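Counting from 0, one number per residue, gives the positions in the sequence shown under numbering that gives the first Met the number 0. Structure first, commentary second.
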Amino acid sequence: MIRNSNRARSSYCSVSKIEIGGLQKTTLIDYPGRLAATVFLIGCNFRCPFCYSAELVLPDKAKNQPRLSQKEFFSFLRERKGLLEAITVCGGEPSLNKDLPIFIRKIKKLGYLVKLDTNGSNPAMLKELIKEKLVDYIAMDIKAPKDSYEKIGGKGVNIDDIEKSIDILKQNKVDYEFRTTIVPTIHSKEDII
């Protein structure tokens, strides 16, 4: 799998070109109950100290790593039709990219289910994707209790956007899950309970 990044902290939908930093060709865990592939998009507005995809987020980690072109990615999807059921789109933070709906629409046209992994920082994008029925499943990371969000995600995290995203998922007819990575040196027992 290839993962990488050279984009610094981004603002909402500031990225206009989809950059693919990696592709996991087969996964049994990224889309519950489905045989899937996972595509990793570059860029994130958070700086979580426990990020497992830091090479998609931190420019100094990605300088010499190659990208996968959209042409290569969609060629792969066409070759795997009938074998794979779904595609998980993750990052970094995919919702920062204003072309995400176009990208997902192309995936859907090939007949795949689409799952989005998100940090929930762009409720407007989530709302658009759900309204246009471009996503079948959304997994949103809950990083920490409200008062600790900047400690985990970095300065500038807008907790109101996180709460809006939670409400959007709970009020719409899309399958979703909320998940948390527990890090003993960062989270306390009180955070979990």
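The beta-carbon is built from N, C-alpha and C at its ideal position, and this holds for glycine as well. All figures in this text were calculated on a predicted structure; none of them were measured in a lab.
DSSP state of residue i mapped onto helix, strand, coil
i	result
E18	coil
N44	coil
L112	strand
D146	helix
K80	strand
L95	helix
M0	Legend: pLDDT at M0 = 42, less than 50; position of this residue unreliable, value from coordinates given subsequently. Coil at M0, not helix or strand.
I106	helix
E131	coil
G152	helix
S52	coil
S187	coil
D29	coil
Presumed contact (8 Å Cβ cut-off) between residue i and residue j, rounded CB distance
i	j	result
L83	A36	5 Å
I41	L76	The pair is not a contact, with the Cβ atoms about 19 Å apart (cut-off 8 Å).
T87	D59	The Cβ separation is near 27 Å, so there is no contact.
Y136	Y175	7 Å
G81	L55	No, G81 and L55 are not in contact; Cβ-Cβ is about 29 Å, not under 8 Å.
I119	I161	A small fix is needed here, since residue 119 is Gly in this sequence, not Ile. Indeed they touch by this definition, with Cβ atoms about 5 Å apart.
Per-residue burial, residue i [other beta carbons within 10 Å of its own, 16 or more giving buried]
i	result
I181	exposed
K114	buried
D140	buried
F39	buried
E131	exposed
I101	exposed
I103	buried
K108	exposed
E18	buried
K191	Note that residue 191 is Ile in the sequence shown, not Lys. Exposed.
N171	exposed
Y51	exposed
Rounded separation between residue i and residue j - CA only
i	j	result
Q69	E78	14 Å
S74	G21	15 Å
R112	V134	The residue you asked about is not Arg; residue 112 is Leu in the sequence shown. If I take the Cα positions, the gap works out to 7 Å.
K163	I28	27 Å
P65	T25	20 Å
N218	E127	Residue 218 lies beyond the range of the chain shown here (0 to 192); nothing can be said about it.
G110	K188	43 Å
E92	N44	7 Å
L168	L95	18 Å
L125	V156	17 Å
P48	G153	9 Å
P144	K150	10 Å
M0	A53	In this predicted model, M0 has a pLDDT of only 42, less than 50, meaning its place in the structure is not dependable enough to derive any value.
G32	I129	21 Å
DSSP beta-bridge partners of residue i
i	result
V88	V38 and L115
I137	L115 and Y175
L57	In DSSP, L57 forms no bridge with anything.
Q23	T37
L67	I19
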